[in-house]
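Asks: From first to last, the protein sequence lines stand for chains V and L. At position 67 of the first sequence (counting the first as 1) the number is 1363 in this note's numbering, and the numbers step up by one without a gap. At position 43 of the second sequence (counting the first as 1) the number is 1339 in this note's numbering, and the numbers step up by one without a gap. No residue lacks a Cβ here, since even glycine has one placed at the ideal position from N, Cα and C. Predicted model, so just to flag it, every value in this text is computed and none were measured. Just dropping this structure here.
There are 2 protein chains.
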Amino acid sequence: MLQETLETIVAATPGAQAAVLMGFDGIAVVQVTGADADADIEAIAMEFSFRFIELRKAAEALDLGDITDLTIKAERGTLLVRVISEEFFACVFLRDTSHLGKGRYVLRTHSAALREGL
Amino acid sequence: MLQETLETIVAATPGAQAAVLMGFDGIAVVQVTGADADADIEAIAMEFSFRFIELRKAAEALDLGDITDLTIKAERGTLLVRVISEEFFACVFLRDTSHLGKGRYVLRTHSAALREGL
């Protein structure tokens, strides 16, 4: 069920290579890697997971509430992140970033299914 | 010149309250606060600036290159961030986030002017 939802997210997101559902402790629950993927989504999400905790703490300290979404665009890839619950986030990795808005929409509309599947 | 560019960015971004051009050391160069702003953009950007350095280090370590853009969406506000140079970033704060794509576009198209003004 979680696997299928992640597969749907990757298939529906233009330019998406892979997706992972991970705990903020850096432990992956499920991951999906597309056929043409050349990036290690688990390593990427794990490396960022601890930084996400710091960002969430900062947002709370600034009275902005909890973080719901993050987009990190770098020279050679973009990460779309959606906070699924207190302990988990979903993350999609894209090499081609011409359709970021669509990618965020896809992730947002599937986050309830991910939450229920946990 | 920098002031004018930031003013243009805030005016052209739907839902934008304020913008700041800041060093990654947390020191603001210029900031613009709209008439209806109820958030302290300088405090927000400063609190996040050190975390941005950590995110950039992580992206480099993962061979993703330097980070060019960040979007941090929280329950009560969204931060659009654009890396302007090795040492500086521009940051727009929005309460209403129905037009994020437009905001990112405005920030991107003005980043050369900010870079030249530094």
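Chain L partners of residue 1397(V), CB-CB under 7 Å?
Replies: 1397, listed in chain order.
Asks: For a contact defined as C-beta to C-beta under 8 Å, what are the partners of residue 1294(L) on chain V?
Replies: Beyond the ends of chain L as shown, which are 1297 and 1414, falls residue 1294(L); an answer cannot be given.
Asks: Any C-beta of chain L within less than 9 Å: which residues of the stretch 1362-1388 of chain V qualify?
Replies: Correct list: 1362, 1363, 1364, 1365, 1366, 1367, 1368, 1369, 1370, 1371, 1372, 1373, 1374, 1375.
Asks: Answer with buried or exposed for residue 1238(V), where buried requires no fewer than 16 other C-beta atoms within 10 angstroms of its C-beta.
Replies: The structure shown does not extend to residue 1238(V), since chain V is modelled only from 1297 to 1414, so the question has no answer here.
Asks: For a test of the three-state rule: what should DSSP assign to residue 1304(L), helix, strand or coil?
Replies: Here residue 1304(L) sits in helix by DSSP.
Asks: Listing by chain order, which chain V residues have their CB less than 8 Å from the CB of residue 1350(L)?
Replies: Result: 1347, 1350.
Asks: What's the call for residue 1327(L), buried or exposed, on a 16-neighbour Cβ count within 10 Å?
Replies: Classification of residue 1327(L): buried, given that the 10 Å Cβ count is 16 or more.
Asks: Three-state secondary structure (DSSP) at residue 1297(V)?
Replies: Correct three-state label for residue 1297(V): coil.
Asks: Jot down the residue ranges of each uninterrupted alpha helix (DSSP H) in the stretch 1329-1378 of chain V, minimum 4 residues, whole runs only, in chain order.
Replies: As far as the stretch 1329-1378 of chain V is concerned, its whole alpha helix (DSSP H) runs of at least 4 residues are 1337-1357.
Asks: Please classify residue 1363(L) as buried or exposed, where buried requires at least 16 neighbouring CB atoms within 10 angstroms.
Replies: By the 10 Å Cβ count, residue 1363(L) comes out buried.
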